[in-house]
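Asks: Quick note: the sequence shown uses our numbering, first residue 3, plus one each step.
In this text, a Cβ means the ideal position worked out from N, Cα and C, and glycines have one as well.
Just passing along the structure, written as structure tokens.
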Amino acid sequence: MAQLDDPAGAGDATAASPAPVTTGAYLRMSAARIRGGDTGVLPVIAGLLLVSTLFQSLNSNFLTAGNLVNLLVQAAVFSILAMGQVFALLLGEIDLSIGFVAGLAAVIMAERVQPTVGWTWWSAIGAALGVCILVGAFQGTLITRLGLPSFVVTLGGLLFWQGVMLVILGSGGSILIQDVTINNISSGNLSPVAGWVVMLIVVGLFAISTWRGDAHRRDTGLTAPPATLTIIKILVALLGGVALVLLCNTNRGILLPVSGVPWVILLVFGVLAAWTFLLGRTRFGRYIYAIGGNSEAARRAGIRLAGVRTAAFVLTSFTAGIAGVVYASRLRSISTAIDGGTLVLYAVAAAVIGGTSLFGGRGKALHGVLGGIVIAAIDNGMGLLGFSAASKYMVTAAVLVIAVTIDAVARRNRPVGT
């Protein structure tokens, strides 16, 4: 039960191993984990490179600054939904309702900011997210206290919350959003200078967190990369941040100049940072991994299974609410056209494609973000090539099946107890 003793090593099968002395020893240990099936994010990174190369060879516009920034904005809803779904998947459960929970949040927010109602943007968003918390608590209680299957409860939730959403929309079938702040969540950008400042702050916080976390693991005798590799990790994050800001600060406007890091990208990073900290550095995160890995062992260790599992479903619905706000902001409206069923399937696909296991106990919030980018890249690239929606669904389905197959094979090859 090493996962219960070390928050920084949550989900890491090697957390109880002796700390490597040299860089070479650590790299050999990492290579052994990969050969044993613990490939981490390598498959999704390779998939992104393959998809990017393929679409760029077929359409030279794919890797342009304008299209890449649009792709990241397009991926935001998928990535946020997938991060929420990760909480359920880590327990070996699933939440099929999050697509319409997102829609419900969007409808509540849009209805509250109408001029005839007069709520402020922050109170409308707060009310929408508050309802999502109640939805998650209700569904989680049915699942954990009554022992009902999550598949059945959340499938019922999918239908019920869709109905509630339609009731709020009424006969008009749509609500326009005129609030500038809400619309700017997806369409607004930081100034070029502000983008650099925010990037340096984010990378600085990442560097401090990573250095302190790895140093703590080394000091306590747990597996951790040597200081040299920690520095390399921080430098890679810095280079990635520089590349992102340079990309976003490139003028991508046609009639008018448009540049700067989109606000929605910062929102995705904010959710990613919060959920990564929660899963990797807190007792609650350790409990989720422990329950997903072996619920009976977790129960014997004194973990309150019902409370932790209910909280996980609350977080799933809450995150879906954030995705719903982003969805409505991007469209500047919400209507009956929202396809919550497709959204939830894309969320599951994104989480699994990113590296989260369908069998529980293994996954990170980062997997949801990377998987969401893959889904958006497929959708975006095939759109540039003029493929139909049917073709996009079939290709996404094929990628999902491949990802699940890789996960299943890796799970069989992994040593018992990891």
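Along the chain, where does the alpha helix (DSSP H) that runs through residue 211 open and close?
Replies: 194-221
Asks: Assign residue 154 to buried or exposed, taking buried as 16 or more other Cβ atoms, counted over all protein chains shown, within 10 Å of its Cβ.
Replies: exposed
Asks: Assess, as a yes-or-no matter, whether the stretch 117-129 is touched by the stretch 140-158 under the definition of 3 or more beta carbon pairs within less than 8 Å.
Replies: With a cut-off of 8 Å, the stretch 117-129 and the stretch 140-158 do not count as touching, because too few Cβ pairs lie within range.
Asks: Can you tell me whether residue 264 is helix, strand or coil according to DSSP?
Replies: strand
Asks: Our contact map puts residue 123 next to residue 181 with C-beta atoms below 8 Å; I'd like the distance itself, whole angstroms only.
Replies: 5 Å
Asks: By Cβ distance, which residues of its chain are closer than 7 Å to residue 134, with the 5 residues on each side in sequence left out?
Replies: 103, 107, 319, 320, 322, 323
Asks: Let me check one thing: in DSSP terms, what residues is residue 178 bridge-paired to?
Replies: In the DSSP output, where bridge partners are listed per residue, residue 178 has 335.
Asks: Quick check: the Cα distance between residue 400 and residue 121, rounded to an integer number of angstroms?
Replies: 44 Å
Asks: Where in the stretch 277-365 do unbroken runs of the beta strand (DSSP E), each at least 3 residues long, occur, reported from the N-terminal end onward?
Replies: 335-337
Asks: How should residue 259 be labelled, buried or exposed, when 16 other C-beta atoms within 10 angstroms of its C-beta is the threshold for buried?
Replies: exposed
Asks: Is residue 387 buried or exposed, if buried means 16 or more other CB atoms sit within 10 Å of its CB?
Replies: exposed
Asks: Can you tell me whether residue 56 is buried or exposed, with buried defined as 16 or more other CB within 10 angstroms of its CB?
Replies: exposed
Asks: Using three-state DSSP, classify residue 191 as helix, strand or coil.
Replies: strand
Asks: Taking Cβ positions, are residue 160 and residue 42 nearer each other than 8 Å?
Replies: no
Asks: If you reduce the DSSP assignment to three classes, tell me which class residue 119 lands in.
Replies: coil
Asks: Alpha helix (DSSP H) containing residue 389: first to last residue?
Replies: That residue, residue 389, is in no alpha helix (DSSP H); it is neither H nor E in DSSP.
Asks: When you compare the CB positions of residue 67 and residue 375, do they come within less than 8 Å of one another, or not?
Replies: no
Asks: To which residues of the same chain is residue 240 closer than 6 Å at the C-beta, ignoring the five residues directly before and after it?
Replies: 205
Asks: Exposed or buried, residue 148, counting other C-beta atoms within 10 Å across all chains shown (16 or more means buried)?
Replies: exposed
Asks: Consult DSSP for residue 226 and reduce its assignment to one of helix, strand or coil.
Replies: coil
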